[in-house]
Amino acid sequence: MLLETQALTKRYGDFTALDALDMRIDQGEVFGLLGPNGAGKSTALRLILGFLKPTSGSSSIAGHDSWTDGVRARKKIAYLPGELRLYENMTGRQLLDFLSGLRGRPVRTDLQKIATHFDIDIDAPLATMSSGMKRKVALLLVLDPYADLIIMDEPTNTLDPTMREILLDEVRQARKRGQAVFFSSHVMSEVEAVCDRVGVIRKGKLVFSEKMNALRTGRQVKIKLPSDGPVSELDGLNLVWRRERFLHLEYSGSLENLMEWIARVAPEDFSVEPMGLEGIYRKFHGEPQ
Amino acid sequence: MTKTLVFKILRDLRLVLFVTTTLLCLFQVFWAKIMERIIAQLAPFFHGMAGYSGIDISDMEKVVFDGPGKLMRTFIGGDSVDLNNAMDMFSVGYIHPLVQTILCIWAIGRAAGALAGEIDRGTMELLLSQPVGRGAVIVAHLIVDLITIPIICLSLWLGSAIGCTLVAPLTLKDYDNMIQPMKPLQIELGVAGLQFKVRDISVGKSPPKIEAGKGKLELRPMDFGGAMLAVASLLFSITGVTMAISAFGRFRFRVLGISVFLVLIMFLTNVIGQVWEPFSILRPFTIFYYYQPQPLILGKPWMVTFAEWNSGKPLVHVPFLLVLFGLGGFGYLIAGRIFSQRDIPAPI
Numbered sequence: 000m001l002l003e004t005q006a007l008t009k010r011y012g013d014f015t016a017l018d019a020l021d022m023r024i025d026q027g028e029v030f031g032l033l034g035p036n037g038a039g040k041s042t043a044l045r046l047i048l049g050f051l052k053p054t055s056g057s058s059s060i061a062g063h064d065s066w067t068d069g070v071r072a073r074k075k076i077a078y079l080p081g082e083l084r085l086y087e088n089m090t091g092r093q094l095l096d097f098l099s100g101l102r103g104r105p106v107r108t109d110l111q112k113i114a115t116h117f118d119i120d121i122d123a124p125l126a127t128m129s130s131g132m133k134r135k136v137a138l139l140l141v142l143d144p145y146a147d148l149i150i151m152d153e154p155t156n157t158l159d160p161t162m163r164e165i166l167l168d169e170v171r172q173a174r175k176r177g178q179a180v181f182f183s184s185h186v187m188s189e190v191e192a193v194c195d196r197v198g199v200i201r202k203g204k205l206v207f208s209e210k211m212n213a214l215r216t217g218r219q220v221k222i223k224l225p226s227d228g229p230v231s232e233l234d235g236l237n238l239v240w241r242r243e244r245f246l247h248l249e250y251s252g253s254l255e256n257l258m259e260w261i262a263r264v265a266p267e268d269f270s271v272e273p274m275g276l277e278g279i280y281r282k283f284h285g286e287p288q
Numbered sequence: 000m001t002k003t004l005v006f007k008i009l010r011d012l013r014l015v016l017f018v019t020t021t022l023l024c025l026f027q028v029f030w031a032k033i034m035e036r037i038i039a040q041l042a043p044f045f046h047g048m049a050g051y052s053g054i055d056i057s058d059m060e061k062v063v064f065d066g067p068g069k070l071m072r073t074f075i076g077g078d079s080v081d082l083n084n085a086m087d088m089f090s091v092g093y094i095h096p097l098v099q100t101i102l103c104i105w106a107i108g109r110a111a112g113a114l115a116g117e118i119d120r121g122t123m124e125l126l127l128s129q130p131v132g133r134g135a136v137i138v139a140h141l142i143v144d145l146i147t148i149p150i151i152c153l154s155l156w157l158g159s160a161i162g163c164t165l166v167a168p169l170t171l172k173d174y175d176n177m178i179q180p181m182k183p184l185q186i187e188l189g190v191a192g193l194q195f196k197v198r199d200i201s202v203g204k205s206p207p208k209i210e211a212g213k214g215k216l217e218l219r220p221m222d223f224g225g226a227m228l229a230v231a232s233l234l235f236s237i238t239g240v241t242m243a244i245s246a247f248g249r250f251r252f253r254v255l256g257i258s259v260f261l262v263l264i265m266f267l268t269n270v271i272g273q274v275w276e277p278f279s280i281l282r283p284f285t286i287f288y289y290y291q292p293q294p295l296i297l298g299k300p301w302m303v304t305f306a307e308w309n310s311g312k313p314l315v316h317v318p319f320l321l322v323l324f325g326l327g328g329f330g331y332l333i334a335g336r337i338f339s340q341r342d343i344p345a346p347i
């Protein structure tokens, strides 16, 4: 177990920013945390990084408590903040040298190669770079092959589509190297694309956590019945909502059984789609962003 | 790790440090030139004027430093400073309000930016996402103080040494052509049968002749080295206090504002306490009460006596350096305690 939180809670007076978060991330796993602004994603990450003192509960990385043994815990982590602020009086290379120095190891040998791949001039002063370029410099830091856990808070913010693809590819490479990746996002497509597991956070509570494989096998079924009467039941089929003759259902099971059930119901119209994240997200947060 | 952080902080400070040390050094050189003019030219001139007018020079000083002039006397170190002694007057360069202002700006600006400034800019998050302990951040700033404060002190001393070299040997300008020591006179005036007698007018002594660079004109640049301890203690105390305030803060300018207000209040309290007796009991609560470079330069005791609390009689002897260094150390301890326990807010 690389990352583990136990009833991790953060309160500000009467306001509960994070409520008893229990989660685990294993080595080589990519975990995506979804939720709208203010749901508690960043609070969770900041507690895990030891920036915030938990009101109760705990978080540990490779057995090191994030708050009481933060230095050892952060040795295992590379972090990309959501609101990126760099030392503007440095060049990209100076920043990388400085942060590598803090970690007590030399700058990665393939730095120039990766910089070229990212299309950035790391010898340019950070003050002259655009926010997207600065984010690329920060990604150079974060995609650290020595870190056991890469934590990214909305990593694709300000990145162009090409760079977004490169980043997602780098995340896959990290997983191949056995690194764990934990990132928060608003963008469901990128979470779907790379995550092994996904969690949905709502008002500070982790309301859903599931493996992506399970989500990929699930189906959303929308049907329009010929009449208002009751419908027969089927194992694995759950009603999400019903408005008169319109039904929205979720199904987990064999497609053959589902087709037989639809034939029995004889709807006026129907659609079957992979469950994906959209349905999950809508379930907890209404329409996706 | 701490070394990397120390080098980074020094790198960030290098320009401000250069400007600060240059200003302080130049001021001391400039001050030496001003003092040369006062001691070697103006003082003999006033002595001559006093002698010519038949006024005792000490009476002249009383008039000049009476009332609002007392404030001026306070700024130059009080009654213990001999206005005709070169070392006494050169030592004023270490308590000059401009020097104290520059020292305070350095100390407050640096410490306010150290913690609250990094949080304000959002770079503290970047720093603490590395395997850097919060205590290590405080220690790094303490090490930076231990490096920069001696550099600032040395710049002051260097300025004094250069200034002394430029003006040495101090030679009194000769105003003998103006001074006509009067011989004892006896004047008898008679008007309308009344007789007035004015006799034994023996004032008008010219100042004693002093050999160039000797006696009260002697300059001993090495003696200014002692003042460096006082300057260091002032810088360290203000840095420590500001660091403690910074550890609580989130916005650099708010910490700057609070610290400047606090230091300004202490400075004014100390000055007013010296010119207005009822206010003097507040002086020991200020940092500036304990900032006394002149005794260190002039070889006087390094003690404060808290006589202000005991009707002018010494109450207890406490080394002023100990108070200031202790206060700075205490400030750092508070900063370490607070900073290691607080939340680091997300940048706005």
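Protein chains in written order, with numbering that gives the first Met the number 0: chain A, 0 to 288; chain B, 0 to 347.
No residue lacks a Cβ here, since even glycine has one placed at the ideal position from N, Cα and C.
Checklist entry - At what residues does the beta strand (DSSP E) containing Val199(A) begin and finish? => result Arg196 to Arg201
Item to check | Simplified DSSP state of Arg218(A), which is helix, strand or coil | outcome: Here DSSP, grouped into helix, strand and coil, assigns Arg218(A) to strand.
Checklist entry - The beta strand (DSSP E) with Ser41(A) in it runs from where to where? => result Careful: Ser41(A) lies outside any beta strand (DSSP E), inside the alpha helix (DSSP H) at Lys40 to Ile47.
Item to check | Chain-ordered chain A contacts of Thr147(B) [CB-CB under 8 Å] | outcome: Neighbours of Thr147(B) on chain A: none; closest Cβ ~18 Å, over 8 Å.
Item to check | Contact list for the region 30-57 of chain A against chain B, Cβ threshold 8 Å | outcome: Answer in chain order: Ser41, Arg45, Leu48, Gly49, Phe50, Leu51 and Lys52.
Next on the checklist: Spatial neighbours of Gly91(A) within its chain, please: C-beta separation below 8 Å, excluding the five flanking residues on both sides.
Outcome noted: Ala114, Ile119, Asp120, Ile121, Asp122, Ala123, Leu125, Met128, Val136 and Leu139
Item to check | Straight-line gap, Phe30(A) to Arg45(A) (C-alpha atoms, nearest Å) | outcome: 16 Å
Item to check | beta strand (DSSP E) segment containing Tyr11(A), residue limits | outcome: Leu2 to Tyr11
Checklist entry - Enumerated in chain order, which unbroken segments of the alpha helix (DSSP H) with a length of 4 residues or greater are wholly contained in the region 138-208 of chain A? => result 160-175 and 187-193
Checklist entry - According to the Cβ coordinates, are Leu314(B) and Phe305(B) closer than 9 Å? => result Cβ distance < 9 Å, so Leu314(B) and Phe305(B) count as in contact.
Checklist entry - Quick one: does Lys74(A) have its CB under 9 Å from some CB of chain B? => result yes
Checklist entry - What does Pro318(B) pair with, by DSSP beta-bridge criteria? => result The partner list for Pro318(B) (beta bridge, DSSP) reads Met302(B).
Checklist entry - For Arg251(B), does the count of other Cβ atoms within 10 angstroms reach 16, so buried, or fall short, so exposed? => result Result: buried.
Next on the checklist: Based on DSSP bridge pairs, tell me the residues matched to Val98(B).
Outcome noted: Its beta-bridge partners do not exist; DSSP assigns none.
Item to check | C-alpha distance - Arg242(A) paired with Ile222(A), whole-angstrom precision | outcome: 11 Å
Next on the checklist: Let me see if you follow: with CB-CB separation under 9 Å, is Leu141(B) close to chain A or not?
Outcome noted: no
Checklist entry - For Phe245(A), does the three-state DSSP call read helix, strand or coil? => result strand
Checklist entry - When you compare each of Ala39(B), Trp30(B), Gly239(B) and Gln340(B) to Ala160(B) by their alpha carbons, which one comes out closest? => result Answer by Cα proximity: Trp30(B).
Next on the checklist: Is the beta carbon of Gly56(A) closer than 9 Å to that of Thr8(A)?
Outcome noted: In this structure, Thr8(A) places its C-beta atom within 9 Å of the C-beta atom of Gly56(A).
Item to check | Among Arg107(A), Asp25(A), Leu2(A) and Leu95(A), the one whose alpha carbon lies nearest that of Arg73(A) | outcome: Minimum Cα distance to Arg73(A) is reached at Leu2(A).
Checklist entry - Along chain A, in chain order, which residues have C-beta atoms closer than 9 Å to that of Gly108(B)? => result By Cβ distance, chain A contributes nothing, its closest Cβ being about 16 Å from Gly108(B), past 9 Å.
Item to check | DSSP-derived helix/strand/coil call for Tyr86(A) | outcome: coil
Next on the checklist: If you reduce the DSSP assignment to three classes, tell me which class Ile24(A) lands in.
Outcome noted: strand
Checklist entry - Going by beta carbon distance, what residues of the same chain come within less than 6 Å of Tyr145(A), once the five residues before and after it are set aside? => result none
Checklist entry - On the three-pair Cβ rule with 8 Å, is the region 165-173 of chain B touching the region 36-46 of chain B? => result yes
Checklist entry - What does Tyr289(B) pair with, by DSSP beta-bridge criteria? => result For Tyr289(B), which the question treats as bridged, DSSP gives no partner whatsoever.
Next on the checklist: Tell me the DSSP secondary structure of Lys52(A) in three-state form.
Outcome noted: coil
Next on the checklist: So Cys152(B) and Met227(B) are supposed to be a Cβ contact under 8 Å. How far apart are they, rounded?
Outcome noted: 4 Å
Item to check | Exposed unless 16 or more other CB atoms sit within 10 angstroms - verdict on Pro183(B) | outcome: At Pro183(B), the pLDDT of 48 sits below 50, so the modelled position is not reliable and the matter cannot be decided from this model.
Checklist entry - Taking only beta-carbon atoms, is Phe97(A) less than 9 Å away from chain B? => result Yes - at least one Cβ of chain B is within 9 Å of the one on Phe97(A).
Checklist entry - Do Ile230(B) and Pro292(B) have their C-beta atoms within less than 9 Å of each other? => result Looking at the sequence provided, one finds Val at residue 230(B) rather than Ile. Yes. Within cutoff.
Checklist entry - By a C-beta neighbour count over all protein chains shown, 10 Å radius and 16 as the cutoff for buried, is Trp105(B) buried or exposed? => result Label assigned to Trp105(B): buried.
Checklist entry - Can the beta-carbon of Val197(A) be found closer than 9 Å to that of Glu189(A)? => result no
Item to check | CB contact check: Val136(A) to chain B, cutoff 9 Å | outcome: no
Next on the checklist: Once the 5 residues before and after Gln26(A) are set aside, which same chain residues still bring their CB inside 6 Å of it?
Outcome noted: Leu1, Gly177 and Ala179
Next on the checklist: Going by DSSP, what residue range makes up the beta strand (DSSP E) through Asp268(A)?
Outcome noted: Asp268 to Pro273
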